[in-house]
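Here the sequence shown stands for residues 10 to 913, where the numbers follow our numbering. Before any comments, here is the structure.
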Amino acid sequence: MGFGGKSRSNKRSSSSVSYTSTITTVVFVTLCVFGVWMLTSNSVEPPQTTTRTATGDNNADNNAFSGNEEQHTRHSNNDDKDNKAVFEDNPGQLPDDAVKPDDDKGSESESKGKDVAAAVEENPGGLQGKESSEEQMKQKLSETQISEESVMTQNQHQQTSMKEFDVDKHTKIEETSSNQDSSEEDQSQNAEQQNQDSEDQQLSEDSKQKEDVGSQEETSEENKKEDDDQGKAKNESTESEDHEQIKGNKQQSQEKEMQMQEIANTTFGDETKDKQKEILKEPHQTDAFQTLLKPSTDTATTDQKNTQSETQNQEITQQQVISSDSSNLGESLGNSIPKESSESKKSWKTQKTQSESEKERRKDDSKGKESIYGYTWQLCNVTAGPDYIPCLDNEKALRQLHSTKHFEHRERHCPEDPPTCLVPLPEGYKRPILWPQSRDKIWYHNVPHTKLAQVKGHQNWVKVSGEFLTFPGGGTQFIHGALHYIDFLQQSVPDIKWGKHTRVILDVGCGVASFGGFLFERDVLTMSFAPKDEHEAQVHFALERGIPAISAVMGSQRLPFPSRVFDIVHCARCRVPWHAEGGLLLLELNRVLRPGGFFVWSATPVYQKLPEDVEIWKAMSSLTASMCWELVTIKRDTLNSVGAAIYRKPTSNECYDNRQGNSPPMCKSNDDPNAAWHVPLQACMHHVPVNQAERGARWPAAWPARLQDPPYWLNRSQMGIYGKPAPQDFARDYEHWTRVVGKLYMSGLGISWSNVRNVMDMRAVYGGFAAALRDIKVWVLNVVNFDSPDTLPIIYERGLFGIYHDWCESFSTYPRSYDLLHADHLFSKLKARCKLEPVMAEVDRIVRPGGKLIVRDESNVIGEVENLLKSLHWEVHLTFSKDDEGILSAQKGDWRPTAYQAVS
């Protein structure tokens, strides 16, 4: 019995061990199947996001938890490889927003697979003890704390240094940080739950069975928590990408701040702070300034900036191209074109050296270096009042004239001391009507003169209509409209070819300049002039209408134009005695008329048979024949009941050489036909150029080709104004001004060009500034200073027009004539001869209220001009200086002083 009892006891023990082994096997198989199911569910999950996002998440995890084991890293990389192998969905380098899921479902689906992989990675060696789990949890909590502190530091730095960054981006970062904190707590709970599972697996067999069921429930709960943990991994990845993007935008912001710092020298008027914000707010304005202020020797820096700018958004792509182009041109504000070469001046004549009378007339005045800041302005106390033209209304000089036979009283007689007073506004003055409406009507109170309407109203010159003066477009010879008359001339001589063969003409005795005003429709520029005489304000009417004109007379001196520059000279009842004194005045027209050009004479001697007219016609016929002018045709306009005789200037010297007489005589060989500044008239003719390389030997190219092409006679062996061969200088000047006008003047100076019509370039060189404005509805009068290289023939050759002048004197135009004046390095040159104070008074006289002034000059001169403009109550929109060069933009207001200047 004893033996038998012992055997039963051993048998029962063996059965118990077998039962335990069976249970253990079942539990192990169950866990293996469960693990395989988990891994399988990850691999077959439908892809809601791209492989690039997954890779980014893994990278973010590696960066955030840099202390993880190598096995963790290898496992993550294997997961990425598996995903790519299964789905073959690798988009490459796509934008961040192109790989974001459309909704939260994609994120939830992706999170399941990631959490399973994370669970396996956290416990790669199977089940571990409680002590090991606690160490891992402490390590992760430490790393999490470091990561959170790093994120907070970056966010604080971002908030203080990147005020321009998008608010939504801040919100996104804050949400990411919040999700990270909650995710870390969930991770800690998961670690504790896994430790608890490890302890439960070491209990007795009975609790083992219960734990088998409980572990499945706990696993189900873990799956739910793991879904929440996806927020952590996802947000960590998003945060990493955001930090990279913030870093890039921060770099861009720093570059922009450097540009803004470079414009720290820019000063704005108190009245224009809003415009300052607008200019500095828009990146393209900043880029435009940087492009135009770039020194020519900074090629390497320019290339580096262009490389960095390639990472910026598409809004400044166009400016990158501009920056690259400007690097090749090597242009900047002060060095956009090299300063005038002292060597080049030796090869160019000036009006000062050409006009011998100028040496006797003017004394060398080196004054003008006194300080004039804080000057108190007064109104001019003169008889002319609001129409005051100092060099034409010099009553003291006029009283001293010995004769007025040659209209000397209509010529220029400038005061010895240039005036520093301001011209008052006419009562009721209004801002001018804009072109093209201004061609047909102007405000009466702006030019309050009615005499011409009374005398010439029946000829449709001008009429009074309420608060307007209206211009029906007529004239003495074309009372039914200028356009009909213009077409009549074209039909009379088809070779005229308005706007192609004929581009620049001179209209003598223009009246209110309706002829020139309507020629704009034929793409023709007309230099109109008439004296300031009993036809009061006729030139002022023209300028107020937006038509180019100057106050001048054919008297005792040459016109302020070069020789051989006008395609046509026109006279319609201009009241000039062409036949008198051996044809003295007609010979002056011969000087300025281009060889092969036409003289259009529409006057009563052509078509009337009154004794006086017949006598004048005979005298004119004899004179023109002796001048070798060809009478091309005499045509009668039946609509207007007028006629016109059209002559053509010879293109060779054959006729001159074969003349029987020598009247009028040929000019002496040392007589320069281009000398025009205060040079007395001479009754002689100059030979026509015969050398095909000489100016005047050939007709210019047809318009508009002549605008861009260097003149054929511009000698390559001659040094240009800026030190290059002349044709290269010409091309460079045109390229420079085209870029400056297009990229800065059109949008960077706050100028509304729709309000601009009459423009003057106070110091033109090749006429590049005017050429750059060709496509907008303005006209530009180019002024070549009498002591500057004589480039005015080049300006005319390219189809533009201009005049000689000395800015130490008043200009021959009415007050309030121009909408915009442009002065490029003018005032710094004038300071050696005259004071800036009277020059700025003249600028104020010429510019209309609301008109603009653009100055480019040395920085110290810019400061003086700015102070003077402020004393004149002009609104200074912008001053900018760099490398001792600067630019200024200002606008005239309506302010006038109340006190009048004392009469001397």
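The C-beta atom is built at its ideal place from N, Cα and C for all residues, glycine as well.
(1) Within the continuous beta strand (DSSP E) that includes residue 898, where are the two ends?
(2) Since residue 652 is in the beta strand (DSSP E), which residue starts that stretch and which ends it?
(3) Out of curiosity, what's the CA-to-CA distance linking residue 6 and residue 502?
(4) List the endpoints of the continuous alpha helix (DSSP H) containing residue 408.
(5) By DSSP's criteria, residue 450 is part of a beta bridge. Which residues make up the other side?
(6) Which of the three DSSP states, helix, strand or coil, is assigned to residue 522?
(7) Do residue 655 and residue 609 come within 8 angstroms of each other at the CB atom, strictly closer than that value?
(8) Under DSSP, the alpha helix (DSSP H) around residue 802 begins and ends at which residues?
(9) Decide yes or no for the touch test of the stretch 794 to 805 against the stretch 770 to 781: beta carbon pairs closer than 8 angstroms, at least 3 of them.
(10) Closer than 6 angstroms by C-beta to residue 522: which residues in its own chain qualify, once you throw out the five before and the five after it? Chain order, please.
(11) So for residue 757, helix, strand or coil by DSSP?
(12) Assess contact between the stretch 435 to 446 and the stretch 538 to 550, defined as three or more Cβ pairs (one per stretch) separated by less than 8 angstroms. Is contact present?
(13) Please report the distance separating the alpha-carbon of residue 360 from that of residue 598.
(14) Using only CA atoms, which one of 748, 710, 705 and 770 lies nearest to residue 793?
(15) Between the stretch 634 to 654 and the stretch 486 to 498, do at least 3 Cβ pairs fall closer than 8 angstroms?
(16) Does the pairing of the stretch 858 to 878 with the stretch 444 to 463 give three or more beta-carbon distances under 8 angstroms?
(17) According to DSSP, is residue 669 helix, strand or coil?
(18) Use the C-beta contact count for residue 900: other C-beta atoms within 10 angstroms, 16 or more gives buried, fewer gives exposed.
(19) Kindly provide the ranges of any alpha helix (DSSP H) runs that are 4 or more residues long and lie completely inside the stretch 721 to 775, ordered along the chain.
(20) DSSP has residue 813 in a bridge; who is on the other side?
(21) Please confirm whether residue 430 and residue 910 have their CB atoms less than 8 angstroms apart.
(22) Hey, residue 767 and residue 788: beta-carbon distance below 8 angstroms or not?
(23) Who are residue 580's beta bridge partners in DSSP?
(24) Within the continuous beta strand (DSSP E) that includes residue 552, where are the two ends?
(25) Name the two residues that bound the continuous beta strand (DSSP E) containing residue 535.
(26) From the DSSP output, in three-state form, read off residue 461 for me.
(27) Relative to the alpha-carbon of residue 419, which residue among 796, 400 and 713 has its alpha-carbon at the smallest distance?
(28) Does residue 499 come out as helix, strand or coil in the three-state DSSP assignment?
(29) Straight-line CA distance for residue 926 to residue 865?
(30) Kindly list the residues whose CB is nearer than 7 angstroms to the CB of residue 628, restricted to its own chain and excluding five residues on each side of it in sequence; keep chain order.
(31) On the criterion of 16 or more Cβ atoms from any shown chain inside 10 Å, does residue 907 qualify as buried, or is it exposed?
(32) Closest to residue 570 by CA distance: which of 812, 750 and 755 is it?
(33) Could you tell me the boundaries of the alpha helix (DSSP H) in which residue 867 lies?
(34) State the DSSP-derived secondary structure class of residue 395, mapped to helix, strand or coil.
(35) Who are the near neighbours of residue 358 in its chain, counting only those whose CB is closer than 6 angstroms to its CB and skipping five residues on each side?
(36) Which same chain residues, not among the five before or five after residue 696, have their C-beta less than 7 angstroms away from its C-beta?
In brief:
(1) Where residue 898 is concerned, the enclosing beta strand (DSSP E) stretches over 894 to 900.
(2) Membership of residue 652 in the beta strand (DSSP E) is indicated by the continuous run 651 to 657.
(3) Residue 6 lies beyond the range of the chain shown here (10 to 913); nothing can be said about it.
(4) Its alpha helix (DSSP H) spans residues 404 to 408.
(5) DSSP, once it has assigned bridges, lists 479 as partnering residue 450.
(6) In the structure shown, the three-state DSSP call for residue 522 is coil.
(7) With respect to residue 655, residue 609 sits close: the two C-beta atoms are nearer than 8 angstroms.
(8) Where residue 802 is concerned, the enclosing alpha helix (DSSP H) stretches over 801 to 806.
(9) As far as the Cβ criterion goes, the stretch 794 to 805 touches the stretch 770 to 781, which means the pair count is three or higher.
(10) Here the set comprises 537, 551, 556 and 558.
(11) In the structure shown, residue 757 falls within a coil segment according to DSSP collapsed to helix, strand and coil.
(12) Three or more beta-carbon pairs separated by less than 8 angstroms are not found between the stretch 435 to 446 and the stretch 538 to 550, which leaves the two stretches without contact.
(13) Answer to the nearest angstrom: the Cα atoms are 19 angstroms apart.
(14) That would be 770, whose Cα lies nearest to the Cα of residue 793.
(15) With a cut-off of 8 angstroms, the stretch 486 to 498 and the stretch 634 to 654 count as touching, because enough Cβ pairs lie within range.
(16) Touching, no.
(17) In the structure shown, residue 669 falls within a coil segment according to DSSP collapsed to helix, strand and coil.
(18) Buried.
(19) Listed in chain order, they are 735 to 749.
(20) Residue 813 is bridged to 793.
(21) Yes, these two residues count as a Cβ contact at 8 angstroms.
(22) Residue 788 sits close to residue 767, with the two beta carbons spaced by under 8 angstroms.
(23) Per DSSP, 517 and 610.
(24) Under the DSSP assignment, residue 552 falls outside any beta strand (DSSP E), being part of the alpha helix (DSSP H) whose first and last residues are 547 to 554.
(25) Following the DSSP letters along the chain, one finds residue 535 inside the beta strand (DSSP E) bounded by residues 534 to 539.
(26) Under the three-state reduction of DSSP output, residue 461 falls in the helix class.
(27) Comparing Cα-Cα distances from residue 419 to each of 796, 400 and 713, the minimum goes to 400.
(28) DSSP, read as helix, strand or coil, puts residue 499 in helix.
(29) The requested residue 926 is not part of the displayed model; the chain covers only 10 to 913.
(30) Closer than 7 angstroms at Cβ, skipping near neighbours: 588.
(31) Exposed, by the Cβ-count rule.
(32) Residue 570 has its Cα closest to that of 812, out of 812, 750 and 755.
(33) According to the DSSP assignment, residue 867 belongs to no alpha helix (DSSP H) but to the beta strand (DSSP E) extending over 856 to 867.
(34) For residue 395, the secondary structure class from DSSP, reduced to helix, strand or coil, is helix.
(35) Answer for residue 358: 799, listed in chain order.
(36) Same-chain partners within the cutoff: 662, 665 and 675.
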